[in-house]
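So in the working numbering the end of the sequence shown lands on 1043, straight run, no missing numbers. No residue lacks a Cβ here, since even glycine has one placed at the ideal position from N, Cα and C. Predicted model, so just to flag it, every value in this text is computed and none were measured.
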Amino acid sequence: MNYGRQPRWFSGQFLESQHLQYLTMHTESLLGTALTMVPQEVYGFASLEIDNSLLQSGTLRLSSMAAITQDGSLIQYPGNSRVPDLSFIDHWRNPKDPLDIYIGIRRYNPSAPNVSDDNSGRSRLSSSLEMFDYNDADRSVKIELLELDVRFFTSDDLSEGSDYEKLQCARLVNQDGVIQHDKEFSFAATNLHASPVLKGYVEGFYDAVMIAVRKLEETKSSFNGESQEYGRREARMMGGIQALSECSASMRHLLSGPFLHPSLIFQPIAVLIARLSVFSAHIDVTGSYRGGSAENLKYNHSDQGVCFKRAVEILPMLLDELAPSPRLVVPFVTLDQDRLYTEVPAHFFGESMDYFLLIESKDGDNSWLEEFQHRVKIAAQDDIVNLIKHSLSGVPSSLSPTRPSGAPIRENAIYIKLRPDNDLWRKIEETKGISIEWKQIPEGVTVELVAVER
590 MNYGRQPRWF
600 SGQFLESQHL
610 QYLTMHTESL
620 LGTALTMVPQ
630 EVYGFASLEI
640 DNSLLQSGTL
650 RLSSMAAITQ
660 DGSLIQYPGN
670 SRVPDLSFID
680 HWRNPKDPLD
690 IYIGIRRYNP
700 SAPNVSDDNS
710 GRSRLSSSLE
720 MFDYNDADRS
730 VKIELLELDV
740 RFFTSDDLSE
750 GSDYEKLQCA
760 RLVNQDGVIQ
770 HDKEFSFAAT
780 NLHASPVLKG
790 YVEGFYDAVM
800 IAVRKLEETK
810 SSFNGESQEY
820 GRREARMMGG
830 IQALSECSAS
840 MRHLLSGPFL
850 HPSLIFQPIA
860 VLIARLSVFS
870 AHIDVTGSYR
880 GGSAENLKYN
890 HSDQGVCFKR
900 AVEILPMLLD
910 ELAPSPRLVV
920 PFVTLDQDRL
930 YTEVPAHFFG
940 ESMDYFLLIE
950 SKDGDNSWLE
960 EFQHRVKIAA
970 QDDIVNLIKH
980 SLSGVPSSLS
990 PTRPSGAPIR
1000 ENAIYIKLRP
1010 DNDLWRKIEE
1020 TKGISIEWKQ
1030 IPEGVTVELV
1040 AVER
């Protein structure tokens, strides 16, 4: 029979009283032995619920839990253990610092009593269970049961439990006199769904991946397949879409089940970051900063929250480098009826940037386009006068047949690509200003300068 708790065998017709106790202890030890032969990520909480109603009065109470310690002991509450409330106020010596809280059970000791009536043993007697005798239905018998004696430890008295197997279950913080759980702490979990913090990190990562996929899918339609102008950008984005799509499909499948070990869901996350790092100038394949910190992105079962949080923080950086986006959009202002001008911040310029004029007409009439391409002069303000005087051309430009990837989406907009490989553009970079000489500027037309990363 399975009583849920360990029977206390004290008599038997053919066996001595201690034989079945030894058998039970041996059976318990088999799991601990097995854990030395399998991956070491099997300890932790499969479920944990904490009653927070008494938290402000300084008491921590467990509502339920199921956990496996590192030596293979199974703890269930309610079930095979007793868990007293913890009054933690006296243990919190410095309320400015977080208070870590652990549960622990004494390790099995073959040379000392493991069952006691106080808290000196691994187990203690629980209330008797009355059962019908299987051989005589008219007679009932009482079975004495043992329960694991669970004890709480805090970070201030952790050294007292050297002979205990411990699992951290909570981290408390005192914010302006209000005691609450640390929102970034996650206990070691064997089931992702048992930890709201881990689940929040994973769901946030998945949502960011899905948003990026949909955004890049929309951007695909802006590629100009007949021109090599966007070849490198297209290859980068298509590689990114493939990696993001595979990751989202894998995560969606894993998250659909009721039980999910955190290490399993971490695998597609780490693979995605490694694949996107190919297109990054800042993050390498290990998830660390290029030329900086050697902090690799790797799964840590004893501190799961840290590795998942790091993955969530790295992803936006990789997506920013993957998807071309305007570094800056600067509107031109009218100096007079034939002259437009705008100042350009220094961080607008860069070697890996493409520059465009975004010209938008309210009524959609683009009859001015041909004249713009042949007569308009673009240069630094000081150079415009010389260009007009000597009938010279300004910064070379060409019509972009489609909206450049990453450029703002505007109705009735035309995009003119500027070539920066000339002295006129270098003068624009030096003076941090750009002028457009446009005779008889049409009404209702607005002009903006856009920089897009390649």
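- Item | Environment of Phe855 [buried if 16+ CB atoms lie within 10 Å] | As a first step, residue 855 must be located in the sequence shown, where it is residue number 266. By the 10 Å Cβ count, Phe855 comes out buried.
- Item | Distance, Thr923 Cα to Lys966 Cα | The residue labelled residue 966 in the question sits at position 377 within the sequence shown. The residue labelled residue 923 in the question sits at position 334 within the sequence shown. Answer to the nearest angstrom: the Cα atoms are 15 Å apart.
- Between the Cα of His890 and those of Thr1020, Phe634 and Asp765, spot the shortest distance and give me the residue it belongs to. Taking the first residue of the sequence shown as position 1, residue 890 is located at position 301. His890 has its Cα closest to that of Phe634, out of Thr1020, Phe634 and Asp765.
- Query: Alpha carbon to alpha carbon, how far is Ala838 from His936?
  - Reply: By 1-based counting over the sequence shown, the position of residue 838 is 249. By 1-based counting over the sequence shown, the position of residue 936 is 347. Roughly 38 Å separates the two Cα atoms.
- Contact check, Arg671 vs Glu733, beta carbons under 8 Å: The sequence position of residue 671 within the sequence shown is 82, counting from 1. The sequence position of residue 733 within the sequence shown is 144, counting from 1. Not in contact: Arg671 and Glu733 (Cβ atoms no closer than 8 Å).
- Item | Endpoints, alpha helix (DSSP H) assigned at Thr1020 | Start at 1 with the first residue of the sequence shown, and residue 1020 comes out as number 431. That run of the alpha helix (DSSP H) goes Asp1012 to Thr1020.
- Task: Examine the Cβ distances between the segment 787-806 and the segment 686-706 and report whether three or more of them are shorter than 8 Å.
- Result: no
- Message: Considering only the alpha carbon of each residue, which of Gly1022, Asp952, His782 and Glu806 lies closest to Arg999?
- Response: Translated into the one-based positions of the sequence shown, residue 999 becomes position 410. The shortest C-alpha separation from Arg999 is found at Asp952.
- Distance between beta carbons of Asp746 and His680, contact taken as under 8 Å: Numbered from 1 along the sequence shown, position 91 holds the residue referred to as residue 680. Numbered from 1 along the sequence shown, position 157 holds the residue referred to as residue 746. The Cβ separation is near 6 Å, so the contact holds.
- Message: Is the beta carbon of Ile664 closer than 8 Å to that of Val631?
- Response: If you number the sequence shown from 1, residue 631 lands on position 42. If you number the sequence shown from 1, residue 664 lands on position 75. No, the Cβ-Cβ distance between Val631 and Ile664 is not below 8 Å.
- Task: Take Ser1071 as the anchor and find which of Gln769, Asn698 and Ala863 has the nearest alpha-carbon.
- Result: This structure leaves residue 1071 out entirely; the chain is present only between 590 and 1043.
- Message: Going by beta-carbon coordinates alone, are Glu773 and Gly894 separated by less than 8 Å?
- Response: Residue 773 sits at position 184 when you count from the first residue of the sequence shown. Residue 894 sits at position 305 when you count from the first residue of the sequence shown. A contact, by the Cβ cut-off of 8 Å.
- Could you check where the beta strand (DSSP E) with Ser852 kicks off and where it finishes? Reading the sequence shown from its first residue, position 263 is the one you call residue 852. Segment Pro851 to Leu865 is the alpha helix (DSSP H) holding Ser852; no beta strand (DSSP E) there.
- Is the segment 975-993 close to the segment 925-939, with three or more CB pairs under 8 Å? no
- Query: Anyone know if the C-beta pair for Thr743 and Ile678 falls short of 8 Å?
  - Reply: Taking the first residue of the sequence shown as 1, we reach residue 743 at position 154. Taking the first residue of the sequence shown as 1, we reach residue 678 at position 89. Going by C-beta atoms, Thr743 is not nearer than 8 Å to Ile678.
- Please classify Arg711: does DSSP put it in a helix, a strand, or coil? What you label residue 711 is simply residue 122 of the sequence shown in a count that begins at 1. Reduced to three states, the DSSP call for Arg711 is coil.
- Length of the line joining the Cα atoms of Gly939 and Ala801: Position 350 of the sequence shown holds residue 939. Position 212 of the sequence shown holds residue 801. Between Gly939 and Ala801, the C-alpha separation is close to 25 Å.
- If I'm right that Arg713 touches Asp738 with Cβ under 8 Å, what's the distance once you round it to whole angstroms? Counting from 1 along the sequence shown, the entry for residue 713 is found at position 124. Counting from 1 along the sequence shown, the entry for residue 738 is found at position 149. Contact flag correct, Cβ pair sits at about 5 Å.
- Closest Cα partner of Cys836 within the set Gly846, Arg825 and Ala863: In the sequence shown, the residue the question calls residue 836 occupies position 247. Nearest option by C-alpha distance: Ala863.
- Query: Nearest CA to the CA of Asn683: which residue from Met720, Gly766, Thr648 and Ser709?
  - Reply: Taking the first residue of the sequence shown as position 1, residue 683 is located at position 94. Checking every option, the nearest Cα to that of Asn683 belongs to Gly766.
- Message: Can you tell me whether Phe776 is buried or exposed? The criterion is at least 16 other CB atoms within 10 Å of its CB, across all chains shown.
- Response: Against the sequence shown, residue 776 aligns to sequence position 187. So Phe776 ends up on the buried side.
- DSSP-derived helix/strand/coil call for Leu886: By 1-based counting over the sequence shown, the position of residue 886 is 297. Coil at Leu886, not helix or strand.
- Roughly how many whole angstroms lie between the Cα atoms of Val867 and Asp971? Within the sequence shown, numbered from 1, the residue matching residue 867 stands at position 278. Within the sequence shown, numbered from 1, the residue matching residue 971 stands at position 382. Looking at the two C-alpha atoms, the distance is approximately 43 Å.
- Task: With distances taken Cα to Cα, identify the nearest neighbour of Leu946 among Pro1009, Asn763 and Phe897.
- Result: Taking the sequence shown and counting its residues from 1, the one referred to as residue 946 is at position 357. Checked all of Pro1009, Asn763 and Phe897; the closest Cα to Leu946 is Pro1009.
- Message: DSSP three-state label for His559, please.
- Response: Shown here, the chain extends from 590 to 1043; a query on residue 559 therefore has no answer.
- Task: In angstroms with no decimal places, state the Cα-to-Cα distance between Met826 and Leu911.
- Result: Taking the sequence shown and counting its residues from 1, one reaches residue 826 at position 237. Taking the sequence shown and counting its residues from 1, one reaches residue 911 at position 322. Cα to Cα, Met826 sits roughly 6 Å from Leu911.
- Message: Looking only at its chain, what residues have a beta carbon closer than 7 Å to the beta carbon of Tyr878, apart from the 5 residues adjacent to it on each side?
- Response: Numbered from 1 along the sequence shown, position 289 holds the residue referred to as residue 878. His871 and Ile872.
- From the DSSP output, read off the bridge partner residues of Glu1042. Here the question's residue 1042 lines up with position 453 in the sequence shown. Its beta-bridge partners are Met942.
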